[in-house]
Amino acid sequence: MKVCKSKKSVTEQAIDEIALLERLQEGPNSCDRVVQMRGHFWHSGPNGRHKAMVFETMGENLLTITKHYDYNGLPVPMVKRIARHTLAGLAYIHSRGVIHTDVKLENVLVQRHDLHLMIQEGRKAHQLFTEQKSLAGTLSKSQKKRLKKKQKNAAAKEAEASPAAASEKAASAAAEGEGQEEEGDEAAAEKAAAEACGRPVPPVRQRARLDSLTLDKVFAKLADFGNGCRADRKVTDDIQTRQYRSPEIIIGAEWNETADNWSAACMFFELMTGDFLFDPRSSKDWARDEDHLALMIELLGSNPPKQWALSGKYSKEFFLNSGKLKHIKKLKFWLLSEVLTEKYKMAQSEAEDIADFLWPMLRWEPSGRQSASEALQHRWLRSPDEAFDCHQGASHCSFVGAAGAQQAAPAAAPAPAAAGGSSTPEPAAAEAPASVP
């Protein structure tokens, strides 16, 4: 459930989001690669009226899964599967005249593969809440403190146990114990009371759930259309999270749905490596936006086309009349395939295939950038697990074309035009939580 603030501007944004979601869910050809809204309603509280949206039950976002792999990258077969699902979702929303504008790890969710356990834990949690509240009310302040200390010591011992040998109950208690200091006495006493009653503390721990997330159980969906817009009704040009921002947004040029595809390519690289493809920094000599453009030039191998580079509202802040950058003169070029082999130790053939897949989505000009439906047909995405791409009970497969219709398995895409050297920035701390430590 998504409950929005009562502020007028936020409420208006929520109403716009609902309109987009309803548009995407209209008709028999709606796509199962977009999180489904089940309904919406108003809630009145002490701070005003809040718009609330109810969605289908989903699991973790891709950032959480990336963290689970310690920012070392997901298995390549899993990245391929997520890429197919994401591109299918983008192909569908673009065919319906909708642009997401904020494609990133946090806004792609995977479906829960353990709903039966979730239901059991939900019932157990409700029962325990009632019992905890009842028992906590009978304890004195000193008893609450003793129970809290006892639980904390027990949780510390359980945390030292081998993860393989520890029971689900022990893992739950340990995790609950870690947050005791931030909670009030009453809340802590309620949890301690549950332990005293010999009851397990719900819910199923996230790590155990992620450990059981196998390739055939990964079903990714686009989520959070709060910043989305109609292709013919753009509200703002200030879109995309920094590390996933396309060049036309930086220079203030015309943009379209392919801005999502640029972001998706950045996200796929991040899923494979654990690092941002672009992580620009400012300095005393240049702005962060110019550094961002410099990183793009290094990766793409050359300056953007002069006429296009100078066509944006902010172009003169970054480019000379010659089309070259104003302040950054020294550039380091590093082929994307070489980055993958040298820095991330991938096999040469695999690195070349990945670069060939990402390259067309990273064209300078939106008009020359590959569409999501075209990217979906790239040979690198072909995999033995394609048979699992149809969600159980879903009416549509992952391979959705521009018209929202199911397509045949992807065929090899034509090789992109030859380009010069390319590079990726060295890892560094970033503003977003997905940065590599």
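In numbering that gives the first Met the number 0, the protein residues as written are 0 to 436.
By construction, the Cβ of each residue, glycine as well, lies at the ideal position given by its N, Cα and C atoms.
Since we're looking at a predicted model, the values are computed, not measured.
For the candidate residues the options, whose alpha-carbon lies nearest to that of residue i?
i, options, result
"Thr63", "Arg208, Lys148, Leu23 and His125", "Arg208"
"Leu214", "Val78, Trp363 and Ala346", "Val78"
"Phe354", "Ala374, Glu364 and Pro365", "Looking at the sequence provided, one finds Ala at residue 354 rather than Phe. The shortest C-alpha separation from Ala354 is found at Ala374."
"Val53", "Ile17, Pro74, Arg22 and Asn46", "Ile17"
"Pro359", "Val33, Ala346 and Ala371", "Ala371"
"Arg280", "Arg368, Thr235, Ile327 and Ala13", "Ile327"
"Asn28", "Leu299, Ala90 and Lys342", "Ala90"
"Leu330", "Lys315, Met345, Arg287 and Leu298", "Leu298"
"Ile92", "Gly322, Leu23 and Glu351", "Leu23"
"Ala82", "Thr100, Ala346 and Leu61", "Leu61"
"Leu380", "Glu337, Leu104, Gly367 and Asp352", "Asp352"
"Leu361", "Ser262, Tyr70 and Trp285", "Ser262"
Give the straight-line distance between the Cα atoms of residue i and residue j, rounded to the nearest whole angstrom.
i, j, result
"Ala172", "Arg241", "Per-residue confidence for Ala172 stands at a pLDDT of 42, beneath the threshold of 50, marking its modelled position as unreliable; the derived number appears in the next sentence. C-alpha separation (whole angstroms): 38 Å."
"Gln391", "Arg95", "Note on Gln391: pLDDT 38, under 50, position unreliable in the model; no value is reported."
"Ala258", "Asp210", "34 Å"
"Arg48", "Arg37", "20 Å"
"Leu19", "Cys228", "7 Å"
"Gln376", "Glu349", "17 Å"
"Gln405", "Gly26", "Interpretation of Gln405 is limited by its pLDDT of 41, a score under 50 that renders its predicted location unreliable; no figure is taken from the coordinates."
"Ile14", "Ser5", "12 Å"
"Ser382", "Phe318", "43 Å"
"Tyr343", "Pro303", "27 Å"
"Asn255", "Pro365", "7 Å"
"Met0", "Lys325", "47 Å"
"Val234", "Val9", "14 Å"
"Cys30", "Gly58", "18 Å"
"Asp231", "Arg368", "19 Å"
"Lys312", "Ser245", "15 Å"
"Glu105", "Ser314", "30 Å"
"Phe128", "Glu120", "12 Å"
"Pro45", "Lys7", "15 Å"
"Ala222", "Asp236", "21 Å"
"Ala293", "Ser282", "13 Å"
"Lys144", "Gly225", "44 Å"
Tell me the residue span of the beta strand (DSSP E) that contains residue i.
i, result
"Trp41", "Met36 to Gly44"
"Ala318", "Looking at the sequence provided, one finds Phe at residue 318 rather than Ala. Note, Phe318: premise wrong, no beta strand (DSSP E); not H, not E."
"Gln110", "Val107 to Gln110"
"Met57", "Met57 to Asn60"
"Leu221", "Ala219 to Leu221"
With the cut-off set at 9 Å, would you say residue i and residue j are in Cβ contact?
i, j, result
"Val102", "Thr85", "yes"
"Met295", "Trp363", "yes"
"Glu55", "Val34", "yes"
"Gly88", "Arg122", "no"
"Val2", "His42", "yes"
"Leu357", "Leu335", "yes"
"Glu269", "Glu289", "no"
"Thr100", "Gln239", "yes"
"Gly300", "Phe277", "no"
"Gly322", "Gly72", "no"
"Met271", "Leu339", "yes"
"His39", "Ala51", "yes"
Check for me: the alpha helix (DSSP H) holding residue i runs from which residue to which?
i, result
"Asn260", "Thr257 to Thr272"
"His49", "Element bounds for His49: not the alpha helix (DSSP H) but the beta strand (DSSP E), Gly47 to Phe54."
"Met345", "That residue, Met345, is in no alpha helix (DSSP H); it is neither H nor E in DSSP."
"Pro10", "For the record, residue 10 in the displayed sequence is Thr; it is not Pro. Looking at the DSSP string, the run of the alpha helix (DSSP H) that includes Thr10 is Lys7 to Leu23."
"Gln306", "Lys305 to Ala308"
"Ile238", "Ile238 -> no alpha helix (DSSP H), and no H or E assigned at all."
"Gly88", "Val75 to Ser94"
"Ala293", "Arg287 to Leu299"
"Pro246", "Pro246 to Ile250"
"Glu373", "Ala371 to Ala374"
Please confirm whether residue i has its beta-carbon closer than 9 Å to some beta-carbon of chain B.
i, result
"Ser5", "No chain B is present in this structure, which holds just one protein chain."
For the ligand ADP, is there any heavy atom lying closer than 8 Å to the beta carbon of residue i?
i, result
"Glu364", "The ligand ADP is not part of the structure shown, which contains no ligands of any sort."
| Using 8 Å as the Cβ pair cut-off and three pairs as the minimum, do the stretch 218 to 232 and the stretch 104 to 113 touch? | yes
| message | Under 8 Å: do the stretch 301 to 317 and the stretch 248 to 258 share three or more Cβ pairs, one atom per stretch? | response | yes
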